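Worksheet: the structure to be examined is printed underneath.
Number of protein chains: 2
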Amino acid sequence: MGNIQLGSPFVPIRPVPAKTPLRRQEASEERREAILAVGLAVFSADGFAAAKLDDAATKAGVAKGRIYLHLKDRQDLFEQIVRGAMEPIIEQLERVAELPDLPTDALLAKLFELFQSQVLTTDRRFVIRLVLTEGVHFPEIASFYHREVVSRGLALLKMNTTRGTARDEVAPTDLAYFPHLVFAPLAMDVMWDGLFSAFEPIDIGRLLSAHRQTLLGNAGRGSNA
Amino acid sequence: MGNIQLGSPFVPIRPVPAKTPLRRQEASEERREAILAVGLAVFSADGFAAAKLDDAATKAGVAKGRIYLHLKDRQDLFEQIVRGAMEPIIEQLERVAELPDLPTDALLAKLFELFQSQVLTTDRRFVIRLVLTEGVHFPEIASFYHREVVSRGLALLKMNTTRGTARDEVAPTDLAYFPHLVFAPLAMDVMWDGLFSAFEPIDIGRLLSAHRQTLLGNAGRGSNA
DNA sequence: CATATTTGACTGTAAAGTCAGTCAATTCTA
DNA sequence: TAGAATTGACTGACTTTACAGTCAAATATG
């Protein structure tokens, strides 16, 4: 029923290694990835419980049974999709954390930009939406996502705020205790996009810039129609 | 499978009108409400698609067929739950909007308080979570919720910010264009509660207070352990 | 007792996951 | 290098499970 058009897959498409005639294993791996991609589309369109794996198989140009060669069952598919999509993000977070000290504002900008280029304009936005919408029923996934993504992100944000306050770049509010306030709008955007963007789209670039202004207590004049 | 303990039902429980021997119609209406309440619990626990209406019936102390006396089908149940829960909130929003001009801060506090007393400590938190998690698959519901709740809330918030800026209570940022930024943490809390509170609970009172500080650019000292 | 209400066994549908068989790719061998 | 032998990736019909929604029968009510 539902028909979600996924956009570009996760950003860096690895260069195809010439025309080497694909050996079986390689071909198989390629199909496995196709199944994961289509699985994401189907889960996103119909929801975890309502999605039909048969459907996914067909759309991936593969027979039903093929799916079970790589995956134990529907839940396993879900987990592989989430893990596969989030692992690169985790690495990136790590890398940002190791960056030489940046001004609060700059780090924030960098993080938001990362979010835009690696999540919003990527199939990952659907993965995150899935985690948010289906995670309640999958404690395993929720736990994984909290441990590997959310808590690291929060730590990074907290560090940034604390440091910014010490440098007098940020007003000393309780914000340092609630880095949640920094990412809440990002999460909201992901949800909004699925729910309401048809009725009232959001200009995410401007929203994030307004958000930065607000966070930093910057009275910089806004420019808007 | 899932077993969610719903808390108190929507806040004001109307006083039982003495011991008037319940007439049939009244009894029927009472059961209808029980079915809605249990329906909410079951949808919340298992998700819309996976929930078993039979289950709901049993838990409501009623036979399966009984459900279909009031409801066309599973989707109808979902819609009735959402509409029934949100209508009172809409009225309250209306009432707040008509309030004599309050200081920006005060109105914000009032709204957050409304959210806490009418949503967070109420079964409505589950309704909202359902809208957020399942709404993607129910354009009808998403549309209803956007039209009746979200857009009104946003208008109210926007008005408040604009007025606050005019009165020099709020720094003139783009915040006025993105009232979304004001409610994002509320939505996040509802989601967080379902997903991550087991690993890392949030003190919502403090979070909202920090949020107010941040929004108003108030450098008021924070107090935290 | 007539009627309104409720029940729960039943029917039909639908999809999940299995597995015996097929066949293309690969390896072996003369 | 051709042709035979082997492998194992892939298929899809089949079995099973399970629940939605119906409706004839049973029960409660006034």
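Residue numbers (the working numbering), protein chains in the order written: chain A, -13 to 211; chain B, -13 to 211.
Backbone N, C-alpha and C define an ideal beta-carbon position, used for all residues, glycine too.
Since the model is a prediction, treat every value here as computed from it, not as a measurement.
Local conformation of residue i per DSSP, three classes
i, result
"A/D189", "coil"
"B/G203", "coil"
"B/K38", "coil"
"B/E99", "helix"
"B/F124", "coil"
"A/S195", "helix"
"A/T151", "helix"
"A/V48", "coil"
"A/E16", "helix"
"A/L88", "coil"
"B/G33", "coil"
"B/T159", "coil"
"B/T212", "No answer is possible for residue 212 of chain B: it lies beyond the span of chain B, which begins at -13 and ends at 211."
"A/A184", "coil"
"B/P165", "coil"
"A/L172", "helix"
"B/A211", "Unreliable positioning characterises B/A211 in this predicted model, as indicated by a pLDDT of 32, which lies under 50. A coordinate reading is not provided."
"A/L57", "coil"
"A/D109", "coil"
Alpha-carbon spacing of residue i relative to residue j, whole angstroms
i, j, result
"A/P(-2)", "A/R198", "Low confidence applies here, because A/P(-2) scores a pLDDT of 41, under 50, leaving its location unreliable and the question unanswered by this model."
"A/P171", "B/R52", "43 Å"
"A/I76", "A/S137", "11 Å"
"A/R192", "B/A162", "12 Å"
"B/P74", "B/E134", "11 Å"
"A/D160", "A/T151", "11 Å"
"A/F64", "A/D40", "15 Å"
"B/L57", "B/I67", "11 Å"
"B/L26", "B/V113", "7 Å"
"B/V82", "B/M72", "16 Å"
"A/G180", "B/V122", "6 Å"
"A/K50", "B/A36", "22 Å"
"A/P7", "A/A13", "Bear in mind that a pLDDT of 47 at A/P7, under 50, signals an unreliable position, so the number given afterwards is only what the model happens to contain. When rounded, the distance between both Cα atoms is 9 Å."
"A/E16", "A/V24", "12 Å"
"A/A128", "A/G203", "33 Å"
Neighbour list for residue i in chain A, Cβ cutoff strictly below 7 Å
i, result
"B/V136", "F182"
"B/F164", "L193 and A196"
"B/M174", "H166, A170, A173 and M174"
From the options, residue whose alpha carbon lies closest to that of residue i
i, options, result
"A/D59", "A/I21, A/Q78 and A/P86", "A/I21"
"A/M145", "A/S129, A/V168, A/E126 and A/A42", "A/V168"
"B/A95", "B/E80, B/D62, B/S129 and B/L143", "B/L143"
"B/D87", "B/T119, B/K45 and B/R149", "B/R149"
"A/M91", "A/I188, A/F182 and A/T147", "Before going further, note that residue 91 of chain A is Asp rather than Met in the sequence given. For the residues A/I188, A/F182 and A/T147, the minimum Cα distance to A/D91 belongs to A/T147."
"A/L194", "A/F182, A/A31 and A/Q102", "A/Q102"
"B/Q61", "B/E120, B/V156, B/E99 and B/D175", "B/E120"
"B/L97", "B/D109, B/G33 and B/Q78", "B/Q78"
Interface residues of chain B facing residue i [CB-CB closer than 7 Å]
i, result
"A/L201", "T200"
"A/A35", "G33, A35 and A36"
"A/V68", "Per Cβ cutoff of 7 Å: no residues; A/V68 is ~13 Å from chain B at best."
Any chain A beta carbon closer than 8 Å to residue i
i, result
"B/P191", "With the sequence shown as reference, residue 191 of chain B is identified as Gly, and Pro is not the correct amino acid for it. No, B/G191 lies away from the interface with chain A (no Cβ there is under 8 Å from its Cβ)."
"B/I188", "yes"
"B/H56", "no"
"B/T119", "yes"
"B/D32", "yes"
"B/S129", "yes"
"B/A42", "no"
"B/L142", "no"
"B/V113", "no"
"B/V28", "no"
"B/V24", "no"
"B/V122", "yes"
Minimum Cβ-Cβ distance from residue i to chain B less than 8 Å
i, result
"A/F185", "yes"
"A/P7", "Interpretation of A/P7 is limited by its pLDDT of 47, a score under 50 that renders its predicted location unreliable; the figure taken from the coordinates is listed afterwards. Not closer than 8 Å to any Cβ of chain B, the Cβ of A/P7 fails to qualify, so no."
"A/R207", "Note that A/R207 has pLDDT 38, beneath the 50 cutoff, so the model's placement of it is unreliable and the number below is only indicative. For A/R207, the answer is yes, since a Cβ of chain B falls inside 8 Å of its Cβ."
"A/P89", "no"
"A/L161", "yes"
"A/M145", "no"
Proximal residues of chain B, C-beta to C-beta of residue i below 9 Å
i, result
"A/M72", "Within chain B, no residue comes near A/M72; the closest Cβ sits about 14 Å away, beyond 9 Å."
"A/V105", "Ordered by position in chain B, no residue passes the 9 Å Cβ test against A/V105, which lies about 16 Å from the chain."
Residue i Cβ short of 7 Å to the ligand GDP heavy atom set
i, result
"B/G47", "As presented, the structure is devoid of all ligands, the ligand GDP included, so that no description of it is given."
Neighbouring residues, chain A, relative to residue i (Cβ below 8 Å)
i, result
"B/A95", "What B/A95 touches in chain A: nothing, since even the nearest Cβ is about 15 Å away."
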